[in-house]
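Residue numbers (the working numbering): 190 to 294. Every residue, glycine too, gets a C-beta built ideally from N, C-alpha and C. See below for the structure under consideration.
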């Protein structure tokens with residue numbers, strides 16, 4: 190998996206990788222959190238190997254950068270900020286990836 194991430198980074202040549210952190214009130218079991226933490230770690234290691242800087246983006250910072258309201262769930266405000274759904278996986282993470290990508294410093 191780490192080699193695959195390295196290949197993608199070499200192909201895409203991003204200026205940076207931005208990982209959107211979970212909600213602060215995130216409450217779930219270890220079994221559900223562990224895969225996300227594992228994937229985030231692999232992406233961070235792959236980016237480090239490729240010399241690509243990684244930003245761990247706090248949701249409050251993303252809200253501010255995107256001009257979203259402070260209250261309510263983050264993903265509930267996204268349609269107004271980034272447009273409507275695109276594809277069947279939009280509501281299971283692609284919307285969050287787009288928000289992270291658009292939330293430049």
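The three-state secondary structure of residue 232, taken from DSSP, is helix. The region 219-272 is shown to contain whole alpha helix (DSSP H) runs of 4 or more residues at 219-239, 248-255 and 263-271, in chain order. Scanning its chain for C-beta atoms nearer than 6 angstroms, with the 5 sequence neighbours on each side dropped, one finds around residue 233 the residues 243, in chain order. The three-state reading of DSSP puts residue 275 in coil, since its state is none of H, G, I, E or B. Within the model, the alpha-carbon separation for residue 228 versus residue 191 is close to 9 angstroms.
For residue 206, no alpha helix (DSSP H) encloses it; the enclosing beta strand (DSSP E) starts and ends at 206-209. Under the three-state reduction of DSSP output, residue 195 falls in the helix class. In the structure shown, the three-state DSSP call for residue 286 is helix.
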